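Take a look at the structure below.
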Amino acid sequence: MAAKILLIALLALASSHAIMASDPSQLQDFCVADNKSNVFVNGLVCKNMMDVKAEDFFFGGLNPGNPSAKLGSVVNLVNVDKIPGLNTLGISLARIDFAPFGLNPPHIHPRGTEILTVLEGELYVGFVTSNINGVGNKLFTKVLKKGDVFVFPQGLIHFQFNKGHANAVAIAGLSSQNPGVITIANAVFGSKPPISDDVLAKAFQVDQKTVDWLQAHVGYNSSYETYIDILMAAKILLLVLLALASSHAIMASDPSQLQDFCVADKDSKVLVNGFVCKNPMDVKAEDFFASGLDMPGNTNKLGSNVTAVNINKIAGLNTLGISLARIDFAPFGLNPPHTHPRATEILTVLEGELYVGFVTSNINGGGNKLFTKILKKGDVFVFPEGLIHFQMNKGHTNAVAIAALSSQNPGVVTIANAVFGSRPPISDDVLAKAFQVDKKTVDWLQAQFWMDNNN
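When you line the sequence shown up against mature numbering (1 follows the signal peptide of the UniProt record, and there is no 0), it's residues -21 to -1, 1 to 434, in that order.
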């Protein structure tokens, strides 16, 4: 997070026109949410400033919660739904209470990085990286005592577990007014309607009976008290509105370009968010070029292959906020449930027919909603940033798709791999409780060979 703040400061010095934020940037002192307005924007419409009161910036209920019997934790989230003054300020807060051996199960915040400190007790915490070439999914863990602080990067699977015999309490700040939460077990096995058992059986390498049993037992049991999802389409609308309101407001997940291009200097030993620029005098056409995307990839055990063309293959993509991928499917091949922590994906089918879908983050009172569609040649579909999604070829012939992603390095978190194939493995105590199965089942799943279809 510190690197992000440093980069923003440097860019502000370089150009007063560059403002970067995941949430809509504020264009005034505050924009208190008008919860009575019927106008839909990305975030919430502003209340008349003359009607704003101190209470709009206040919440008085961050009291101890009652941990759920099943998971042993409860999260009291104070976001823009509880403090309307948080609108456009890009921050929220949460209190997490843990019973002895209570778990805040593996989950993702699609729109926020989390920084957490322990107030009472001791917590075992960790996060899993997105898929790393040659490494897989690396698990970073730490035992936190009172006063310790830990950061969970945006979009990555993470958890907190109280391994002690006493209660534990933590406070977390999140870098969004509405960070969202996707509880992995609920989203994968408890979506409404359910994800096809063909998809899940192949993704987790189990039989359909096991999938059916999990779907019948996991269901919706979120430890989060409050969450409302905002439609992705509204983000585009607000970008247009802000562009009209102020030419100084530019928002991007990737660092914005301040010149025609900033070709990555892969030989530099300087570490920044992204890559240092090559001397413009040394740039060549080849820095913007890659070949081979016309060649079918070799499908694997899952029956799919993703050939990504990102910053690692085209140095000229640095700061341009875009990348491309070709996805090849064998008959009945699957690109398994996964997330892109840093990008929205827009996909079109070149050959064949695909069954695709994505699952929302946890919706208050509604669980995780599944949106699916059958795509034919020429059809286009969008998968919003950070949400779990998949594509499956349900036909008897090969299928091919091309996808563009809104980041030079969108990352990919293959859910089954990250949860059951991390190195070192996530504790079987954590997974057994999160998925409501016995430790033998967890140990068996962790012993499987988890296939990666990304190249």
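Idealized CB from N, CA, C, for every residue including glycine.
It should be emphasised that the depicted structure is a prediction, and the values quoted were computed from it without experimental measurement.
Opposing strand residues paired with residue i [DSSP bridges]
i, result
"Met28", "Answer is none; Met28 lacks a bridge partner."
"Asp76", "Val53, Val148"
"Arg90", "Answer by DSSP bridge pairing: none, since Arg90 is not bridged."
"Asp307", "Asn284, Val379"
"Lys117", "Arg402"
"Glu99", "Val148"
"Ala264", "Partner(s): none; Ala264 has no beta bridge."
"Lys171", "Lys348"
Rounded straight-line distance, which links the Cα of residue j to that of residue i
i, j, result
"Asp2", "Ile62", "16 angstroms"
"Asn396", "Lys15", "43 angstroms"
"Leu98", "Ala304", "44 angstroms"
"Asp417", "Ala411", "6 angstroms"
"Ser340", "Gly346", "8 angstroms"
"Gln425", "Ala33", "52 angstroms"
"Gly100", "Pro46", "15 angstroms"
"Asp164", "Gly253", "Reading off the sequence shown, one finds Ala at residue 164, where the question assumed Asp. The straight-line gap from Cα to Cα measures roughly 32 angstroms."
"Ile70", "Phe38", "14 angstroms"
"Val59", "Ala378", "43 angstroms"
"Asn42", "Ser406", "30 angstroms"
"Asn66", "Met274", "47 angstroms"
"Thr108", "Leu135", "6 angstroms"
"Lys355", "Val128", "49 angstroms"
"His137", "Thr393", "14 angstroms"
"Asn388", "Gln156", "25 angstroms"
Residue range of the beta strand (DSSP E) that includes residue i
i, result
"His317", "313 to 318"
"Val255", "It is not in any beta strand (DSSP E) - Val255 carries neither H nor E in the DSSP assignment."
"Ile136", "136 to 140"
"Leu349", "349 to 354"
"Lys189", "A small fix is needed here, since residue 189 is Thr in this sequence, not Lys. Premise fails: Thr189 lies in the alpha helix (DSSP H), 187 to 196, not in any beta strand (DSSP E)."
"Phe362", "359 to 362"
"Phe131", "128 to 131"
"Leu329", "324 to 330"
Counted within 10 angstroms of its Cβ, other Cβ atoms place residue i as buried (16 or more) or exposed
i, result
"Lys124", "exposed"
"Pro158", "buried"
"Asp76", "buried"
"Val288", "buried"
"Leu82", "buried"
"Asp208", "Residue placement at Asp208 cannot be trusted, given a pLDDT of 30 that sits under 50; the coordinates are not used to answer."
"Asp233", "buried"
"Lys181", "buried"
"Thr376", "exposed"
"Pro84", "buried"
Top-ranked residue by Cα proximity to residue i, from the options
i, options, result
"Lys26", "Gly40, Asn42, Phe9, Phe37", "Phe9"
"Gly336", "Gly344, Gly152, Ile342, Glu324", "Glu324"
"Asn314", "Phe140, Gly276, Pro132", "Gly276"
"residue 466", "Leu50, Asn433, Gly39", "This structure does not reach residue 466, given that the chain is present from -21 up to 434, and the question cannot be answered."
"Val148", "Val328, Ile394, Ser52, Ser71", "Ser52"
"Val391", "Leu333, Asp422, His319", "His319"
"Asn141", "Tyr103, Ala182, Thr286", "Tyr103"
"Leu153", "Arg74, Ile342, Thr420", "Arg74"
"Asn372", "Asp358, Phe267, Phe308, Ser406", "Phe308"
"Gln139", "Gln184, His86, Gly22, Lys355", "His86"
"Leu349", "Gly400, Pro172, Asn116", "Pro172"
"Glu364", "Gln415, Ser385, Gly344", "Ser385"
"Asp408", "Pro79, Gly40, Lys117", "Pro79"
Closer than 7 angstroms: residue i CB and nearest the ligand GDP heavy atom
i, result
"Gly115", "The ligand GDP is absent from the structure shown, which contains no ligand whatsoever."
Start-to-end residues for the alpha helix (DSSP H) that takes in residue i
i, result
"Phe183", "176 to 183"
"Lys420", "Here residue 420 is Thr; the residue named in the question, Lys, does not match the sequence. Run containing Thr420: 418 to 426, per the alpha helix (DSSP H) assignment."
"Val338", "Taken as a continuous stretch (DSSP letters only), Val338 belongs to no alpha helix (DSSP H), being part of the beta strand (DSSP E) at 333 to 338."
"Leu410", "407 to 414"
"Ile70", "That residue, Ile70, is in no alpha helix (DSSP H); it is neither H nor E in DSSP."
Residue-chain proximity (residue i, chain D), Cβ-Cβ < 8 angstroms
i, result
"Pro63", "The structure shown contains no chain D, having only a single protein chain."
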